[in-house]
Structure formats: C-alpha cells, structure tokens
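Enquirer: Which chain is which? The protein sequence lines are A and B, in order.
No gaps in the numbering here: position 179 of the first sequence is 185 in my numbering, and each next residue is one more.
No gaps in the numbering here: position 109 of the second sequence is 211 in my numbering, and each next residue is one more.
Just so you know, even glycine gets a beta-carbon here, dropped at the ideal spot from N, CA and C.
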Amino acid sequence: MDIIIGKLKLFEVPQGFVQFRKQIHDAKLGVLYNVSKRYPDADFSFYEVYGKWSLLDETNKLLSSFFDDFDIVEGQSPINSSPIDNHPKIIVDGNPVDLEYGELRLITADTFDELEQPRPNTVTALNFPITEDAYLKLKETHMLITDIEEVIPESLLGKELLGNIDKEDMLSQVLLSRLLRGKSICG
Amino acid sequence: MWLKSFFIEGFGKLRAKEIHFSKGLNLLYGDNETGKTSLAYFLLNGMSEPGKELSRYKPWNTNEFGGRIEFNDRLIEVDFYKELDSALYKRKSLETISFLFEDERLYISDGVDGSIVANLKHKMEKTDTGRRLSLLIERLNTAELEMPTTNSTIKKEILVLEKEIDSFHDQYTGYNDLCKKKIGLEKILKGETSRIKEIESSLNQERDQHIRGMKLDFSEFNAKLKHIRSEIDQLDLVKGNSAESTEKARRLSEEYQKLQASEKNLSRLIGGLNAELTESNEKIKGYFKILNIDDSDELETVHVKVRNLSFLKKLHAVKQSNSNDNIQDGALWKFFSENEDILERAERLENRTEKENSQFDQEAGDARLRIKSVDSNAATTKYICIASFALAVICAVISFTKSEFFIVRYGTVFFFVIGLIYLFLWSRLKRDRSSIYKTLLDNYSTDKYSTSYTTDDNGTSQIWKTLNEFGIGNLGELRKKYIEYIQYREKQESNSQRLEQYRELELEMEDALSEFNLDIDDPSVESQIGNIEKILNETQVTVASSKTLDKQVKALKKDQKEQLDQIRTLQSKFAAMLRKPDASLEDINDYCKSLEQYRDLQNKEAGMLNELNRAENNMKSGRFPESINRLVFAVTKGKESLEQSKNELGEVDAELKGMKVEKQSVLKLLEKRDSLTRRLKTLKASMGKIGTIRRIIKQQRLNYVTTYGKEFKDEFSRILSKILNRDLPVFVEDNLTLRLPADGKLRIPEDSLSSATFDQLLFAYKVALYKLLPDGAPFIIDNAFIRYDDARLSNVMNIILEESETRQIIILTSDKRLQAYGNFVYM
Numbered sequence: 007m008d009i010i011i012g013k014l015k016l017f018e019v020p021q022g023f024v025q026f027r028k029q030i031h032d033a034k035l036g037v038l039y040n041v042s043k044r045y046p047d048a049d050f051s052f053y054e055v056y057g058k059w060s061l062l063d064e065t066n067k068l069l070s071s072f073f074d075d076f077d078i079v080e081g082q083s084p085i086n087s088s089p090i091d092n093h094p095k096i097i098v099d100g101n102p103v104d105l106e107y108g109e110l111r112l113i114t115a116d117t118f119d120e121l122e123q124p125r126p127n128t129v130t131a132l133n134f135p136i137t138e139d140a141y142l143k144l145k146e147t148h149m150l151i152t153d154i155e156e157v158i159p160e161s162l163l164g165k166e167l168l169g170n171i172d173k174e175d176m177l178s179q180v181l182l183s184r185l186l187r188g189k190s191i192c193g
Numbered sequence: 103m104w105l106k107s108f109f110i111e112g113f114g115k116l117r118a119k120e121i122h123f124s125k126g127l128n129l130l131y132g133d134n135e136t137g138k139t140s141l142a143y144f145l146l147n148g149m150s151e152p153g154k155e156l157s158r159y160k161p162w163n164t165n166e167f168g169g170r171i172e173f174n175d176r177l178i179e180v181d182f183y184k185e186l187d188s189a190l191y192k193r194k195s196l197e198t199i200s201f202l203f204e205d206e207r208l209y210i211s212d213g214v215d216g217s218i219v220a221n222l223k224h225k226m227e228k229t230d231t232g233r234r235l236s237l238l239i240e241r242l243n244t245a246e247l248e249m250p251t252t253n254s255t256i257k258k259e260i261l262v263l264e265k266e267i268d269s270f271h272d273q274y275t276g277y278n279d280l281c282k283k284k285i286g287l288e289k290i291l292k293g294e295t296s297r298i299k300e301i302e303s304s305l306n307q308e309r310d311q312h313i314r315g316m317k318l319d320f321s322e323f324n325a326k327l328k329h330i331r332s333e334i335d336q337l338d339l340v341k342g343n344s345a346e347s348t349e350k351a352r353r354l355s356e357e358y359q360k361l362q363a364s365e366k367n368l369s370r371l372i373g374g375l376n377a378e379l380t381e382s383n384e385k386i387k388g389y390f391k392i393l394n395i396d397d398s399d400e401l402e403t404v405h406v407k408v409r410n411l412s413f414l415k416k417l418h419a420v421k422q423s424n425s426n427d428n429i430q431d432g433a434l435w436k437f438f439s440e441n442e443d444i445l446e447r448a449e450r451l452e453n454r455t456e457k458e459n460s461q462f463d464q465e466a467g468d469a470r471l472r473i474k475s476v477d478s479n480a481a482t483t484k485y486i487c488i489a490s491f492a493l494a495v496i497c498a499v500i501s502f503t504k505s506e507f508f509i510v511r512y513g514t515v516f517f518f519v520i521g522l523i524y525l526f527l528w529s530r531l532k533r534d535r536s537s538i539y540k541t542l543l544d545n546y547s548t549d550k551y552s553t554s555y556t557t558d559d560n561g562t563s564q565i566w567k568t569l570n571e572f573g574i575g576n577l578g579e580l581r582k583k584y585i586e587y588i589q590y591r592e593k594q595e596s597n598s599q600r601l602e603q604y605r606e607l608e609l610e611m612e613d614a615l616s617e618f619n620l621d622i623d624d625p626s627v628e629s630q631i632g633n634i635e636k637i638l639n640e641t642q643v644t645v646a647s648s649k650t651l652d653k654q655v656k657a658l659k660k661d662q663k664e665q666l667d668q669i670r671t672l673q674s675k676f677a678a679m680l681r682k683p684d685a686s687l688e689d690i691n692d693y694c695k696s697l698e699q700y701r702d703l704q705n706k707e708a709g710m711l712n713e714l715n716r717a718e719n720n721m722k723s724g725r726f727p728e729s730i731n732r733l734v735f736a737v738t739k740g741k742e743s744l745e746q747s748k749n750e751l752g753e754v755d756a757e758l759k760g761m762k763v764e765k766q767s768v769l770k771l772l773e774k775r776d777s778l779t780r781r782l783k784t785l786k787a788s789m790g791k792i793g794t795i796r797r798i799i800k801q802q803r804l805n806y807v808t809t810y811g812k813e814f815k816d817e818f819s820r821i822l823s824k825i826l827n828r829d830l831p832v833f834v835e836d837n838l839t840l841r842l843p844a845d846g847k848l849r850i851p852e853d854s855l856s857s858a859t860f861d862q863l864l865f866a867y868k869v870a871l872y873k874l875l876p877d878g879a880p881f882i883i884d885n886a887f888i889r890y891d892d893a894r895l896s897n898v899m900n901i902i903l904e905e906s907e908t909r910q911i912i913i914l915t916s917d918k919r920l921q922a923y924g925n926f927v928y929m
C-alpha cells in the first residue's frame, strides 16, 4: 500500500500563533500517529514535510518514530494532510482519503463580540489586550493568544471613568486604564 | 492678602479717617451714623471698580474723594475722580463674596453673577480632580499625536526582527544543508558498506571455491597420476626399455604404423578399383550381348553399322514426312474432281445474272416515272375536288342565308357534282399508283431475277449450294480454290514417286535392323536405334575405362608389394627388438600401441606434474585467478572509498555538532514578532478608540465642573445648620440661586424666612461662596448681625472665629454684644 502525506510542514510556526506552537505541532503529530496506526504496513511518501524551522535530522528522527518505511519526496504536494486550517486528507494507492481527525483552526479576532460563541479546536489570536478576568473566563471555552492587562481603577475618578465604558469594549477600558495609570496608551 | 490699614481723605461724610487692622478678626465699633457703611463702600469701591452708589458718597465740602488702602503686600492710592487703570478685584465677585451689608437681598433670590459661576467652574477645573481629568485629555492628545510615530517605530522594529529571524533562518538552512550532506554520506556509506560486504562475500566464496577446486584438482591429479603410473607399470612390453631403445622403437613404430596405414590404404584402393573393374566388365558383357558381338575388336564394325543405320533412320524419317503431307480440303478436291467443268458453268451463270439485273433496273426506272406522274395528277385532282366541295358549301350557305340568290343553289349542285367527279378520279389515280408499285415489287420478289443464281437447266443452282457449303460465295473465290486444286493434283503425282523410293529404303533398313534383332514394324524402332547408338557409345567408354582401371590396379599392386616388403623388413627389426623371433604382426601392433600409450602416459604424467607444481606454487604464493584478483582489488578500493566517506562523514558530523542552532532565540524572536504584530494591530484599533475615550473623559470633566453647585450646597447647608442648629431644606440652582420648598413649591427665601434668618442665610451663603472661591480678600461685614439673637450670633461668631484663622474678617458693628468676641476698634 502506497500512501502520500503532504504539506505537514513540521516545526513551522504560523505567524501570530507562536504561543500555540506546541498545540499546532501536537495536532500535526496527531495526524502522523493516526496514519501510522491506521496503515501499519504501508509505504509512506512525504511531500513538503519540512517546515520553515525544521531541522532535517530532528524531523527525520521524528518521522522514524512513527514509520518504519518512508520516503521524503521533493516537489509540490498533490494533497494537503495538515490539520492546521484544513481538513486533513491523504492519498492511499492513488485515491484521496479523508482522515477522521479534527482540524485546528487559527483565527484572529478584532472585537470582543467575535468571542461570544465557544470555538472548539480553534486558536484565536486577539488583536487587542483583555483583562485578566475576561481572559480567565474565556480561557475555559477558547484557546486564546492575547495580551493581558489589568484594568483596576486606583481612584474613584478612575472607577467612574471606566464605568462609563462598555464592558465589552476591552480595548477602550485598557487604554483608559493606561491613561489613568499615567502609562502610554501606545503600549 | 490682608488689609493692613486705610486712610480716607474724603468719602461721604468721612474725612481724614485712618484705621489700622490686624490679621484675623477685626471688630470696628461705631454707633449709628458714624460712617460704618460709608467706610465699607470706600473699601468696596477702592478695591474694585466704582459702583452706582459712588456718586452718593461724593464729599460736598472738599475736593478730595478717595484715600489709600494698604494691604500687607501692596498700597492702593484711591482717587475716585480718576479713571482706574485696573481694579484689584472684580466688583461683582468682591461684592458677592467678601462684603455683607445690612439688609442685603439681591444675590440669593436672583442668583450670582455669571462671572462668579464661571469662576467657580474654572476653580473646579483647577481642583485635583479637574486637573486629573484635564491631564487625562492632555495625555490622550499627546498619545494620539504619538500614535503614527509609534506605529512606524513598531513597524521598523518588526522589520529589524524579520531580518534577525531571516539570519537565524540562514543558520537553519546551513544546518539543514549539512544534514542533507550527512544523510547523503550516510546513504553512500550504507550502500558502499553493503556493496563491499557483498563483494567480500563473493570473494570469500570464490576464493574458497577456488581453493576447494584446487584441492580437488590436486587429488584428482594425484589420482590420475597414480593411475597413469600404474598404467605405465602395466606396460610390460616397453617399461624395461632404455630411453634410446624406446626412441628407436618409437621411430620404428611410427614408420611401421605409417607403412601399415599406407599398405592398408593401398589395399583399400586396390579393392575399390577391382570392384569398379569387375562392375565395368559386367557392363561390357551386357553391352556386347545387346550389340551382338563377342569382344571389343568387333566394336569398330558395329560402329560402322550403327552409323549406317542412323543414316537410314534419318532418311526414312525424311521420306516418311514427305509421304505424310496432308491432303487439305479433301472433300472440296473430291467435289472438284467429280465436277471438272464447274468453273465454266459458274462463269456462264454469272453472265446471265448481270443481264437480268440491268433489265430490272430499267423496269424500275420506268415504274418510278409512272408513279411520279400519277402522284402529280392525283394531287391536282385532290385540290380540285376539295375546292369544288368548298365552293358547293359556300353556295349552299349563301342560298340558305340569302333566299333572293336562289340561282346560287344550282351552283351548289354544280360544284358538288364536279367535286364528286374529281373525288372519283383521285381515288382511281391512287389505285393506279398502288398497282404500279405492286407490279414492281412482285417482279423483284418473284424468281424472275433472283432464281437465276440458283437454278438453271443443268442444275447449276445445286452446285452453288454445295459451293456455299465449302465457304465459296462468288466466282472469284471459286477461281482461287480451283487453282489450288490444280496445284494439289500436281503435288499428288510427285508424292507417289517418293513413296516408291521410301518403300525401297524400308527394305534396306529391315535388313540392317535384323542384325540387331529389331523389327522395322515395331513402333519403338526409332528409340531402339537411338538406344543402340547410346549403348555403343557407353560400351566404347566403358571399355576404355576398364583398360585404365586395369592399369591402375596393376600399378597399385606393385606399390603394395613393395610396402609389404618394407613391412616385413620392419617386422624382422621388431622381432629383433622384442627378442622374439617369431613375433607376429599382432605382437608388433601391441608393442606399437603400448609404446604409444606409454608415450601418452608419460606426457600426461609430465603435464600433471607441471600442473601440480604450478597449483602448489600458486597456493603457496597466494596467487589467484584474475576474477578473484579483481574482486580483491574492488574490495580494497571500496574500503578506501569507504574510509574516505567515513572521514568525510566524521568531518560533517563534527561540523554539525559544532554548528549552533539557536532554537530558543528564534522562538523568542518569533514570539516578539507576534507580540509586536499584536501591538501594531492593537495600536491601529486604539486609534479608533481615542475619540470614544476623549468623549468619555470630557463628559466626566464637564460633569465634575458642574458639581460646584453641590459643593456649594454642601458647604452652605453645613454652615447654615451650624447657625440655625437645624437643617434647612434648600435647593441650589445652577446660577447659585436659592429656593426653599414650601407648600409643594420652590419659593424665594425672602418670602419664607424671617429677616434675621434670611440675614443668617445670606451670611452662610457668602461664607460658603468664599470656601469655593477663596479670592484672598478680607471679609467685610457691615452691621449684618444686628437682628441676630444671641444664640445665633454666638453660632455665627464661632464660625467667624474659625474662618478668621484662614482669612481676615472685618466686622463693622454697632452691636456691643460682639465685644465678647474681641477688642473693638472705635470709629
């Protein structure tokens, strides 16, 4: 049985999601594990298996831990087996096969509204800082990449001012908090 | 700032009046009409802009209208006739906050001056909270201005990071290149190692096989050698001979064998030739029998006879061919012979036919002329007939239509009769024409002309029919055939002569053939003659060949005899050699064979010994065949190459180990880049939030500034409750107007309060205002407590004493109760 696995790009770290590199790497390893268990005696060909930050020896060693017989083929991959922002597929004896393995989605959010619904298997990079309370609350339902900033008023005036801002408008709260603490709002 | 003293040169009824004050509370006592109020207005107008009341205080008996006011830090010259350059205080503000007159009403009911409110607001802005809010807005503005710069700074930082990351990526690329090299070398090493192993294995196999083979060969050689030696030992006939005698024997043996072979060859040849000779003689005998002779001497005679017979045969054939000429057209020639006058009869018939034809032509011409004439007459008759009938019809029509022309009816009858007559004539002419034509045709078709070719009185017609059967259709053809018939008759006569000659020749041939037992009537006589000729030729050839063979046999027998002599000589020599006088040929042959065998075995033995020596030498010196040497060379080269690759791999490995791949640094940079990118995005989003935040802070500041009313109310209520010893519900409007709720409405205080309470309300109002707007001016009270009861006065004075610690208070009074609170200065 000949199996083609493509575009895993091991050790590649998508920009903006470096913080979740381990989870991304684990998702890719999950695909390898899944395939190695499903097709124990197959011959494997890997296309585009090296990512930007792959070390050849390290990657080969990693693949050897899953597969006894494999080839690394240069050239463009005919299939995308990466679970990152993609439903992974492989080619088995010339036929594309869906892997029953969930994808890991990487998205960015510009507003707090976008975090209302829980997103399983999704890493969300927030383009704004949030408070620790909000982070702890969201952490239970989301995988978040964000900057955490305290918005605790040190004075009555600060409390009054922060109270005038919509609680969902995290960025405004953070910016005002910085202002009140005498910090630059430019971060 | 506190008022140190003043000197009034002239103001109202006051002249040259000077009073000194101290910090804190100053009680200036003066009875009624002593100028306390004038003094208060002098200070009010001197410290601020002149008011409307000033004209009331213009002195009537002096030109001096003013004085001096000395503060702890300045001296003000007051000349109310002169225009002021600038006032120390604003009149309204000073009058509202720092002066309390008896029976004063204005401010509480109508609200304070707008400038005071503005001042209050300004003052609120100057408070800590106000300042903090302003500072926030200021910072926000600064940040907004800084944002584009920060944005580009972050971008630059990201670019720098990218470069740094790229440099690390180069590090990774370098490492991976080395890895690739290492992997390649490892592959080569693996391949090379397994290749060398394979070569070594095949080398070992081949070497083992070779050695095994050699050992086997040795043993085989030895066995063979042993066998050969035993075979040599068994050769009794030759084994005891010396080398010289063996050589001699060998030569003799060779010679003997040669002679024997030659003799055998000769015997074989002689045998073959004898067989041929016998066969040839047998053939000759058969031929002689056919040729009817006894020996070869008669062959010449037979030869002559056969030649004669051949000549006769040829002549006979010619004669026979002449006599066999075909008589063509035999039936016709027979017919001609039976009718010798046929030609004359045919010519006569031809002449008569020609005459009849010319007669017929003439008659036909006449008939054509007559038909033409009849046709012409018939046409004329036809036209006249038609015209007559036409005229008859016309006349009939006219007679019927025009009755007056009755005479025309006769014309009708006349033309009709004429028409009938011509019709009759026309039909008659047509009949004549048919009859002429018929007559002509009848003449042509009847035998009158055509039968002349076929019938005549002598039956000529039958002759032509017969001729036609032979394909002769006219006189010309008949003449040609007749000439051929005459030629035939001449030839026939000549043939009968030749036939006679042929019969004679046949008789002669019969005689000749009888000598060879042949019959001329035999249909195969010709072939038999040819056969005899052939047999004769073969006999002659065979006889000649037999003679040659005979000669050859004789020559060979002679040679054989000589060789047999030589063999016998050799035989005697061998007998001597074998020391066996009665040595037979078999013994000699056995000896020769043994000798030959002995020699072969000796040669083999020598060869074996050579081989054995060579193999032993090879084994001792480790020499192997080329194929093994090639494998050894390949292994050596492979190992050298392997060693080289190992060294190279070692170098690459060392280089790889020495190469530093700073993963953590890369990760830090990547994280930093992510962080900066996020910061950049946050910054961009922040730009959109600045407006909201500014609006919120400004709104907060506005809200805060307008809280002066509340502060005022709090202060005012506190003071008032201190004075009244109770809380008085007071509503303070934005312009600081006071209203008191009564009967469900807000009413002006004058309407609800007694005069004394209202005075106390006013006092509290002004003290509270000063708390909010401390302008530093002394608080000048002009006999305002006169209607206060003792308790409230006490309360007020307690407040004043408290206040005097922070500001100067000058009380102008005519109330001696105040003496209890300080020393009076008398007016």
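Taking the C-alpha atoms as reference points, what is the distance between A:Gln82 and B:Phe726?
Expert: A:Gln82 and B:Phe726: Cα-Cα distance of roughly 54 Å.
Enquirer: Please state if the CB of A:Met7 and the CB of A:Ala33 are separated by a distance shorter than 8 Å.
Expert: No; because the gap between Cβ atoms is not below 8 Å, this pair is not in contact.
Enquirer: Verify whether the separation of the beta carbon atoms of A:Ser183 and A:Leu168 is less than 8 Å.
Expert: yes
Enquirer: To be precise: take each residue of the segment 223-247 of chain B, compare its Cβ to all Cβ atoms of chain E, and keep it if any distance is under 8 Å. Which residues remain?
Expert: Of the chains in the structure shown, none is chain E; the protein chains are A and B.
Enquirer: Under 8 Å, do B:Asn221 and B:Ser188 count as touching if we go by C-beta distance?
Expert: no
Enquirer: Relative to the C-alpha of A:Val98, which residue among A:Gly36, A:Tyr45, A:Asp153 is closest?
Expert: A:Tyr45
Enquirer: Can you pull the chain A neighbours of B:Met249, defined as C-beta to C-beta under 9 Å?
Expert: Ile191, Cys192
Enquirer: Is B:Met761 near B:Tyr274, with beta carbons less than 8 Å apart?
Expert: No, the Cβ-Cβ distance between B:Met761 and B:Tyr274 is not below 8 Å.
Enquirer: Can a CB atom of chain A be found closer than 8 Å to the CB of B:Lys791?
Expert: yes
Enquirer: Answer yes if the segment 439-454 of chain B comes into contact with the segment 566-586 of chain B, meaning at least three C-beta pairs across the two stretches below 8 Å, and no otherwise.
Expert: yes
Enquirer: Are three or more beta carbon pairs between the segment 728-748 of chain B and the segment 283-302 of chain B nearer than 8 Å?
Expert: Segment contact: the segment 728-748 of chain B against the segment 283-302 of chain B, three or more CB-CB distances shorter than 8 Å; contact assigned.
Enquirer: For the segment 803-818 of chain B and the segment 106-114 of chain B, state whether three or more C-beta atom pairs, one from each stretch, are separated by less than 8 Å.
Expert: no
Enquirer: What's the C-alpha gap between B:Thr483 and B:Phe491?
Expert: 12 Å
Enquirer: Do B:Trp528 and B:Cys497 have their C-beta atoms closer together than 8 Å?
Expert: no
Enquirer: If we count the other Cβ atoms within 10 Å of its Cβ and call it buried at 16 or more, is A:Gln25 buried or exposed?
Expert: buried
Enquirer: Note the first and the last residue of the continuous beta strand (DSSP E) segment covering B:Phe926.
Expert: Per DSSP, B:Phe926 belongs to the beta strand (DSSP E) from 926-928.
Enquirer: What are the boundary residues of the beta strand (DSSP E) that A:Phe76 is part of?
Expert: Looking at the DSSP string, the run of the beta strand (DSSP E) that includes A:Phe76 is 76-79.
Enquirer: Along the segment 10-32 of chain A, what residues have a CB closer than 8 Å to any CB found in chain B?
Expert: Val19, Gln21, Gly22, Phe23, Val24, Gln25, Arg27
Enquirer: The beta strand (DSSP E) spanning B:Ser107 covers which residue range?
Expert: 105-113
Enquirer: Classify B:Asp559: buried if its beta carbon has 16 or more other beta carbons within 10 angstroms, exposed otherwise.
Expert: Confidence is the limiting factor: at B:Asp559 the pLDDT is only 47, short of 50, which leaves the residue's position unreliable, though a coordinate-based value still follows. Exposed: under 16 other Cβ atoms inside 10 Å.
Enquirer: Restricting to Cα atoms, I'd like to know which of A:Ser161, A:Phe118, A:Arg125 is closest to A:Lys173.
Expert: Selected option, being the one with the closest Cα: A:Phe118.
Enquirer: Who are the neighbours of A:Ser178 on chain B, taking C-beta pairs under 7 Å?
Expert: Lys791, Thr794, Ile795
Enquirer: Would you call the segment 394-403 of chain B and the segment 641-661 of chain B touching, i.e. three or more CB-CB distances under 8 Å?
Expert: yes
Enquirer: Just confirm the distance between the C-beta atoms of A:Ala131 and A:Gly22, as a whole number of angstroms; I'd bet it's less than 8 Å.
Expert: Going by Cβ atoms, the distance from A:Ala131 to A:Gly22 rounds to 5 Å, so yes, they are a contact pair.
Enquirer: Can you give the Cα-Cα distance for B:Leu116 and B:Thr139, rounded to whole angstroms?
Expert: 11 Å
Enquirer: Taking Cβ positions, are B:Tyr159 and B:Met929 nearer each other than 8 Å?
Expert: no
Enquirer: May I ask you to report which of helix, strand or coil DSSP gives B:Ser906?
Expert: helix
Enquirer: Between the beta-carbon of B:Leu771 and the beta-carbon of B:Leu263, is there less than 8 Å?
Expert: yes
Enquirer: To the nearest angstrom, how far is it from the Cα of B:Asn128 to the Cα of B:Leu914?
Expert: 8 Å
Enquirer: Between the Cα of A:Ser70 and the Cα atoms of A:Phe52, A:Met149, A:Lys58, A:Trp59, which residue gives the shortest distance?
Expert: When each option's Cα is compared against that of A:Ser70, the closest is A:Phe52.
Enquirer: Report the residues of the segment 95-119 of chain A with a CB closer than 9 Å to any CB of chain B, ordered along the chain.
Expert: Thr114, Asp116, Thr117
Enquirer: Taking CB distances under 8 Å as the criterion, tell me whether B:Ala756 reaches chain A.
Expert: no
Enquirer: Excluding the 5 residues flanking B:Tyr551 on each side, which residues of the same chain have their C-beta closer than 6 Å to its C-beta?
Expert: At B:Tyr551 the pLDDT is 48, less than 50, meaning the model places this residue with poor confidence and gives no usable figure here.
Enquirer: In three-state DSSP terms, what is A:Ser190?
Expert: coil
Enquirer: Kindly indicate which three-state DSSP category B:Ala866 falls into: helix, strand or coil?
Expert: Reduced to three states, the DSSP call for B:Ala866 is helix.
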